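Numbering (full-length UniProt numbering), first residue to last: 1 to 392. Positions of the beta carbon are idealized from the N, C-alpha and C atoms, including for glycine. Just so it is clear, the structure is predicted and the values come from calculations on it, not from any experiment. Structure, as structure tokens:
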């Protein structure tokens, strides 16, 4: 198109006629319009991505200036800073716990490991950037920031990938080269035919050449595709997807097999109870099972499973009005179960309820009996089926 503009303003000046200003201005306006639309859309998409990345930048509480707690952006942390971590905080950098009022905290490491259940950390343990505090609070000292963190090293590996020319750009380049070669051939043929065979006047032949140049080049195609992908990048940013190169949208659309972490990526990273799948092995109702499970859940310092049980029960606020809890044994890796002893306020009877791993609970039910039962065999079979379906 630039060549066509030069032809319209310079070469067409002849036969006592002024340059072809209308064609020249029309071509320049078209080029300017295409460039402006492409730049505007890409700039708007870039701003949307920047706004998304800015919204993801965390802040944290850090002890500085003689023990004063300040709120500062995570990007300003340096090794040696002491930070405060509370429930719901995202760990801003790799750190080591120095104290915890409750003795330990629970971290959601799904962003790094894909594991949906929180992991317990105690003083002296290392906590990693981008993990989330799900229980407890602590103070920790920063040991690595930025690219030196575990998450930063993983991000740098991804960012070090070569920015090769995309497949779409290669196709556009081939189309453009093909069009230019074809136009060059036809241009030579047209000049020979017009001036050598039909003896056209100079100005009339130039006008025909301009028509061939303007009509034969797909000048709007790159702009249309750029605008389309820029709009796609903006829409993806609204869904919390960061697009750093808009041509990657077309490349992702051409993917046939995508290997991805499931937990928190393809799923919500949130536990839920499928009540329709609950199996009953005694003369109890589904509501009874949910109520007993809620009784055996810790309401004050609940982990992910206890929180899920209480939310599914739906009447957690009524537990204190219906029972008096005599004792509660929380879950630990050794016993692999929780146990509650409570008194029913309506009857005055004392009951015990336990919740834990199937084999542990089954062992309590069978007691000293070594022989198996039909119900026990069915429960073991159901556990295998649930595991095959990805249930916990």
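Worksheet item: Going by other Cβ atoms of all chains shown within 10 Å of its Cβ, with 16 needed for buried, is residue 136 buried or exposed?
Response: By 1-based counting over the chain shown, the position of residue 136 is 136. Buried, by the Cβ-count rule.
Discussion item. Contact defined as beta carbons within less than 8 Å: I believe residue 80 pairs with residue 142. What is the distance between those atoms, to the nearest angstrom?
Written reply: Counted from its first residue, the chain shown places residue 80 at position 80. Counted from its first residue, the chain shown places residue 142 at position 142. At roughly 6 Å, the Cβ-Cβ gap stays under 8 Å, so residue 80 and residue 142 are in contact.
Fill in: Integer Cβ distance of residue 309 from residue 273, believed to fall under 8 Å
On the chain shown, position 309 is the one that residue 309 refers to. On the chain shown, position 273 is the one that residue 273 refers to. That belief holds up - the Cβ atoms of residue 309 and residue 273 are roughly 7 Å apart, short of 8 Å.
Worksheet item: What do you get for residue 292, buried or exposed, if any count of 16 or more other CB atoms within 10 angstroms of its CB means buried?
Response: Translated into positions along the chain shown, residue 292 becomes position 292. Within 10 angstroms of the beta-carbon of residue 292 lie 16 or more other beta-carbons, which makes it buried.
Worksheet item: Just to confirm, are residue 74 and residue 101 a CB contact at a threshold of 7 Å?
Response: Within the chain shown, residue 74 is the residue found at index 74, counting from 1. Within the chain shown, residue 101 is the residue found at index 101, counting from 1. With a cutoff of 7 Å on beta-carbon distance, residue 74 and residue 101 are scored as not near each other.
Worksheet item: For residue 82, which beta-bridge partners are listed by DSSP?
Response: Locating residue 82 in the chain shown gives position 82, counting from the first residue. In DSSP, residue 82 forms a bridge with 63, 141.
Item to complete: Run the CB neighbour count on residue 370, radius 10 Å, all protein chains shown included, and call it buried at 16 or more, exposed below.
Response: For the purposes of this step, residue 370 is taken as residue 370 along the chain shown, with counting starting at 1. Here the model assigns residue 370 a pLDDT of 49, short of 50, so the residue's position is not dependable, and the following value carries that caveat. Exposed, by the Cβ-count rule.
Worksheet item: Would you call the segment 190-207 and the segment 281-289 touching, i.e. three or more CB-CB distances under 8 Å?
Response: Below 8 Å, too few C-beta pairs join the segment 190-207 and the segment 281-289 to call them touching: fewer than three.
Worksheet item: What do you get for residue 347, buried or exposed, if any count of 16 or more other CB atoms within 10 angstroms of its CB means buried?
Response: One-based indexing of the chain shown puts residue 347 at position 347. Its Cβ having fewer than 16 others within 10 Å, residue 347 is exposed.
Item to complete: For residue 340, count neighbouring C-beta atoms within 10 Å of its own C-beta (all shown protein chains included) and say buried if the count is 16 or more, exposed if not.
Response: For the purposes of this step, residue 340 is identified with residue 340 of the chain shown, where counting begins at 1. Label assigned to residue 340: buried.
Fill in: beta strand (DSSP E) segment containing residue 340, residue limits
Here residue 340 is taken as the residue at index 340 of the chain shown, counted from 1. Residue 340 -> beta strand (DSSP E) spans 337-344.
Practice prompt. Spatial neighbours of residue 95 within its chain, please: CB distance less than 7 Å, with the 5 preceding and 5 following residues excluded, ordered by chain position.
Written response: Along the chain shown, one-based indexing puts residue 95 at 95. Correct list, in chain order: 83, 127, 140, 141, 142, 143.
Practice prompt. Going by DSSP, name the residue or residues bridged to residue 354.
Written response: For this step, residue 354 is matched to residue 354 along the chain shown. Answer is 339, bridged to residue 354.
Worksheet item: Since residue 356 contacts residue 337 with CB under 8 Å, what's their CB separation in whole angstroms?
Response: Numbered from 1 along the chain shown, position 356 holds the residue referred to as residue 356. Numbered from 1 along the chain shown, position 337 holds the residue referred to as residue 337. About 2 Å separates the two Cβ atoms, so the contact holds.
Worksheet item: Do you know whose CA, among 64, 66, 72, lies nearest residue 58's CA?
Response: As a position in the chain shown, residue 58 is number 58, starting the count at 1. That would be 72, whose Cα lies nearest to the Cα of residue 58.
Worksheet entry | Neighbourhood of residue 175 by C-beta, 8 Å cutoff - its chain only, sequence neighbours within 5 removed | In the chain shown, counting from the first residue as 1, residue 175 sits at position 175. The answer, listed in chain order, is 218, 221.
Worksheet item: Does the segment 373-388 come close enough to the segment 321-332 that 3 or more CB-CB pairs lie under 8 Å?
Response: no
Practice prompt. Quick one: residues in its chain with C-beta nearer than 7 Å to the C-beta of residue 208, no 5 flanking neighbours on either side, listed in chain order?
Written response: Here residue 208 corresponds to residue number 208 of the chain shown, with the count starting at 1. Excluding sequence neighbours, residue 208 sits near 190, 194.
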